[in-house]
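What follows is one structure encoded as structure tokens, with my remarks underneath.
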Amino acid sequence: LQNLFQRYVKWVSTNPGSLGDVELTAKWLSYFIAGKINNSSAVSELVYSLSNLLVFANDRIIERAHRTVADDSQEPIERRLKVLLTTLEYCEVFIELSAHKIWGTRGKWFIICVIQVIKCLGRLVLTSCYASTKIVTSPPIPALNRKTVSQQSSAGNESFNANLRNGAIVLKRSGRVMRKVECSPSLASRSWKPPLSENDISPVLNTQYGGKRLMSAELVYIFKPLIHLGCMHRYGTKSWKAYLVALALDGISLRKYYNNRQALSKDQRVELSRRCVSLLLYLLRSPFYDRYTHDKIACLLNGI
């Protein structure tokens, strides 16, 4: 069994581009299962969770083989905590559906509270104790860009990349990266591509993160799920008060971040943009969905 696993690791490491079809097939299988068999929602979510975990495991194998991420900059506890939170996020819906099937509604809400408490504590530890993680992404370990991995693995040795980084300047007005004339490589080794920018070379390095406003903005975002659960317990699952409180907390957090956007790195700004787009999900949440969105979507589907 160990020999078989080693062969699989070797195949994944040498064929990162061939994995996409297998992983995509497993993910699409979850959509075809839905509605076809008994307990299809739980089975479909199980297949979908396993497909995400398969992608996550393959990314870690490729990452370790190509050494694309500077893991030395992260402490072991920080790395393990991110792995735990990422795994929990991929399996969260399946765990909730299973809890509802086994223990009923009360058991489901108990499991939801436990999951959110674990996620809240984990994000709080990452934000408070580790300088490299001040904005926790969703998931904490994002999917690996395998195209970039293959490009970096074929780009040459480390000394060439070091000379390329040191031999480039950034234009002040346009921000364009240009290679210095005296640092141009020979024609045989020249790639004819523009030099890599600092964000492309070191995507894990964040700009200096400071200020109590940014810290408070992340804390609001971290504690929002627990506050939302408390409001639903107090006012009901379909109450406008719980809905508006969650929306207001998201708005406050985003507003604080955008007021200090210049202090964020490129990756942190991408996460900020993702959080802005996720506000559209409020259109699919009760009670707004029950009273407005449901009828609109039904009319659209009937028209099609």
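So that you can map any letter, position 5 of the sequence shown is 415 in our numbering, and since no number is skipped, the others follow by simple counting. Note that the Cβ used here is the ideal one computed from N, Cα and C, for glycine as well.
Mind checking who residue 588 pairs with in its DSSP beta bridge? 579
By a C-beta neighbour count over all protein chains shown, 10 Å radius and 16 as the cutoff for buried, is residue 496 buried or exposed? buried
Any contact between the segment 504-518 and the segment 464-474? By contact I mean 3 or more CB pairs, one from each, below 8 Å. no
Counted within 10 angstroms of its Cβ, other Cβ atoms place residue 501 as buried (16 or more) or exposed: buried
Alpha carbon to alpha carbon, how far is residue 675 from residue 544? 11 Å
Exposed unless 16 or more other CB atoms sit within 10 angstroms - verdict on residue 553: exposed
Look up residue 535 in the DSSP assignment and say whether it is helix, strand or coil. helix
Just to check my reading of the structure: residue 458 and residue 437 have Cβ atoms closer than 8 Å, yes? What is that Cβ distance to the nearest angstrom? 6 Å
Residue environment, residue 546, which counts as buried when at least 16 other CB atoms sit within 10 Å: The residue is buried, with at least 16 neighbouring Cβ atoms inside 10 Å.
Same chain only: Cβ atoms within 8 Å of residue 655, ignoring 5 sequence neighbours per side: Around residue 655, the same chain offers 637, 638 and 641 as residues with beta carbons nearer than 8 Å, after the five sequence neighbours per side are excluded.
Range covered by the alpha helix (DSSP H) that runs through residue 425: Element bounds for residue 425: n/a, residue is neither H nor E.
Residue 458 by DSSP, collapsed to three states: which one? helix
Please report the Cβ distance between residue 451 and residue 440, rounded to the nearest whole angstrom; I am assuming they are in contact, meaning their Cβ atoms lie under 8 Å. In fact, because the Cβ distance is near 10 Å, the residues do not count as touching under 8 Å.
Pair every Cβ in the segment 515-531 with every Cβ in the segment 655-671, then say whether three or more of these pairs are closer than 8 Å. no
Who are the near neighbours of residue 491 in its chain, counting only those whose CB is closer than 7 Å to its CB and skipping five residues on each side? 532, 535 and 536
If you draw a straight line from the alpha carbon of residue 470 to that of residue 432, how long is it in whole angstroms? 17 Å
Alpha carbon to alpha carbon, how far is residue 425 from residue 551? Answer to the nearest angstrom: the Cα atoms are 21 Å apart.
So, using beta-carbon positions, are residue 684 and residue 653 closer together than 9 Å? no
Check this for me: beta carbons of residue 423 and residue 487, under 9 Å apart or not? no
Apply the 10 Å Cβ neighbour rule to residue 714 and answer buried if 16 or more other Cβ atoms are within range, or exposed otherwise. exposed
Give the straight-line distance between the Cα atoms of residue 647 and residue 635, rounded to the nearest whole angstrom. Cα-Cα distance, rounded: 13 Å.
Exposed or buried, residue 666, counting other C-beta atoms within 10 Å across all chains shown (16 or more means buried)? buried
Any alpha helix (DSSP H) of 4 or more consecutive residues that is wholly inside the segment 658-697: 676-687
Residue range of the alpha helix (DSSP H) that includes residue 700: Looking at the DSSP string, residue 700 is not in any alpha helix (DSSP H), and its letter there is neither H nor E.
So, under 8 Å CB-CB, residue 658 and residue 624 are touching, yes? Tell me the CB distance rounded to an integer number of Å. The C-beta distance from residue 658 to residue 624 rounds to 19 Å, too long to fall under 8 Å, and the pair is not in contact.
From residue 518 to residue 708, what distance separates their C-alpha atoms? Cα to Cα, residue 518 sits roughly 28 Å from residue 708.
Reference residue 681; option with closest CA among 557, 699, 548 and 420: 548
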